[in-house]
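K.L.:
Submitted below is the structure of interest, expressed as structure tokens.
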Amino acid sequence: MTTIKNVVFDFGGVLLDWNPRYFYSSIFNDDEKMEYFIQNIVTSTWNSQMDRGRTFEECMKELSEEHPEYKDQINLYRKGWETMLKGEIESGINVLKAVQASGKFKVYGLTNWSAETFPYAFNTYKFLQSFEGIVVSGEEKMIKPEKGIYLTLLERYNLKPEETFFMDDNIKNVEVAKSRGIHAIQFTGTDENLAEIGKILKIKI
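Under this note's numbering, residue 660 is the last one in the sequence shown; the count climbs by one each step, no gaps.
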């Protein structure tokens, strides 16, 4: 196996805990109604439009017109976004710290994230400022698992796929990374998962 020189992190679900339930639980005060709203109205597919570069304003307007009965709740989505971003994921942060402490790797980010809200995350979670480079889907107008965004990462930072290791909580994103020749693993945060990552990178986590 070629020596790994670059480690690429996904953010949401690996380093940062984002979930619309953290905000909407206080709006609905009814778990069943909230779940219906999140599963059927403000879906992950809908949210991915913002990750792809569309504005919150236009997406909320469109969705409110489709579901006028939920207009008030939909229009709170942007206002409540910072509450949806709860904080750091300890297991992922432990991997990041071990990777950086080893001094063996350059660290990068590849994230599906709105260009509108990423500056808040970047300025709030200072560890992101230690990365060599970050590719944000909303700025590129394409999202994982589209192959182009992986190519953008490799070309922008002159990374060789065989020298690059990527972790993401979404298995589809992992599979496409592998198809581009990048070493990749699904991040689950379990002790076994962290041990496997440590074994691949030859570091103690």
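Beta carbons: idealized from backbone N, C-alpha and C, even for Gly. In this text, all values refer to a predicted model and were calculated from it rather than measured experimentally.
Out of V631, N461, I660, K633, which one is the CA nearest neighbour of G644?
P.N.:
Against the sequence shown, residue 644 aligns to sequence position 189. Out of V631, N461, I660, K633, I660 has the C-alpha closest to the C-alpha of G644.
K.L.:
Where does the unbroken beta strand (DSSP E) through T566 begin, and where does it stop?
P.N.:
Here residue 566 refers to the residue found at position 111 when the sequence shown is read from its first residue. Start and end: 561 to 566.
K.L.:
Use the C-beta contact count for Q528: other C-beta atoms within 10 angstroms, 16 or more gives buried, fewer gives exposed.
P.N.:
The residue given as residue 528 occupies position 73 in the sequence shown. The residue is buried, with at least 16 neighbouring Cβ atoms inside 10 Å.
K.L.:
DSSP three-state call for F464: helix, strand or coil?
P.N.:
On the sequence shown, residue 464 is found 9 positions in, with the first residue counted as 1. Residue state, collapsed to three classes: strand.
K.L.:
For D506, I'd like the list of residues in its chain whose CB is within less than 7 Å of its CB, leaving aside the five on either flank, ordered along the chain.
P.N.:
Start at 1 with the first residue of the sequence shown, and residue 506 comes out as number 51. Result list for D506: N567, W568, S569, S592, G593, I598, in chain order.
K.L.:
Can you check which of these residues, M539, S503, R476, is closest to F492 by C-alpha distance?
P.N.:
Start at 1 with the first residue of the sequence shown, and residue 492 comes out as number 37. Residue R476 is the option with its Cα nearest to F492.
K.L.:
Thinking just about the alpha-carbon of each residue, which of N484, D624, Y605, M622 is nearest to the one in K615?
P.N.:
Taking the first residue of the sequence shown as position 1, residue 615 is located at position 160. Comparing Cα-Cα distances from K615 to each of N484, D624, Y605, M622, the minimum goes to Y605.
K.L.:
Which residues in the same chain as K541 place their Cβ atom closer than 6 Å to its Cβ, once the five residues preceding and following it in sequence are excluded?
P.N.:
Working through the sequence shown from its first residue, we reach residue 541 at position 86. If we look at K541 and ignore the five residues flanking it on each side, its Cβ neighbours are D472, Y477.
K.L.:
Does G636 come out as helix, strand or coil in the three-state DSSP assignment?
P.N.:
Within the sequence shown, residue 636 is the residue found at index 181, counting from 1. In the three-state scheme derived from DSSP, where H, G and I count as helix and E and B as strand, G636 is classed as coil.
K.L.:
Have a look at E521, S557, F511 and flag the residue whose alpha-carbon is nearest the alpha-carbon of N495.
P.N.:
Along the sequence shown, read from residue 1 onward, the residue named residue 495 stands at position 40. Relative to the Cα of N495, the nearest Cα in the group E521, S557, F511 belongs to E521.
K.L.:
Report the CB separation of T619 from V469 in whole angstroms; it is logged as a contact under 8 Å.
P.N.:
Looking up residue 619 in the sequence shown gives position 164. Looking up residue 469 in the sequence shown gives position 14. That belief does not hold up - the Cβ atoms of T619 and V469 are roughly 16 Å apart, past 8 Å.
K.L.:
Strictly by DSSP, which residues pair up with D623?
P.N.:
In the sequence shown, counting from the first residue as 1, residue 623 sits at position 168. Q641, per the DSSP bridge assignment.
K.L.:
In whole angstroms, give me the CA-to-CA distance for A556 and Q584.
P.N.:
By 1-based counting over the sequence shown, the position of residue 556 is 101. By 1-based counting over the sequence shown, the position of residue 584 is 129. About 16 Å.
K.L.:
To the nearest angstrom, report how far apart L551 and E524 are at their CA atoms.
P.N.:
Taking the first residue of the sequence shown as 1, we reach residue 551 at position 96. Taking the first residue of the sequence shown as 1, we reach residue 524 at position 69. When rounded, the distance between both Cα atoms is 43 Å.
K.L.:
Helix, strand or coil for G558 per DSSP?
P.N.:
By 1-based counting over the sequence shown, the position of residue 558 is 103. Here G558 sits in coil by DSSP.
K.L.:
Can you name the residues that DSSP bridges to V590?
P.N.:
Position 135 of the sequence shown, counted from the first residue, corresponds to residue 590. V590 pairs with L565.
K.L.:
For E601, which of helix, strand or coil comes out of DSSP?
P.N.:
In the sequence shown, residue 601 corresponds to position 146, counting from 1. In this structure, E601 counts as coil in the three-state DSSP scheme.
K.L.:
Alpha carbons only, please: which of I637, N613, Y575 is nearest the one belonging to G535?
P.N.:
If you number the sequence shown from 1, residue 535 lands on position 80. When each option's Cα is compared against that of G535, the closest is Y575.
K.L.:
Would you kindly work out how many angstroms separate the C-alpha atoms of F582 and N549, rounded to a whole number?
P.N.:
Your numbering for residue 582 matches position 127 in the sequence shown. Your numbering for residue 549 matches position 94 in the sequence shown. Roughly 12 Å separates the two Cα atoms.
K.L.:
What residue from K526, N613, S503 has the CA that sits closest to Y563's CA?
P.N.:
As a working note, residue 563 is residue 108 in the sequence shown. For the residues K526, N613, S503, the minimum Cα distance to Y563 belongs to N613.
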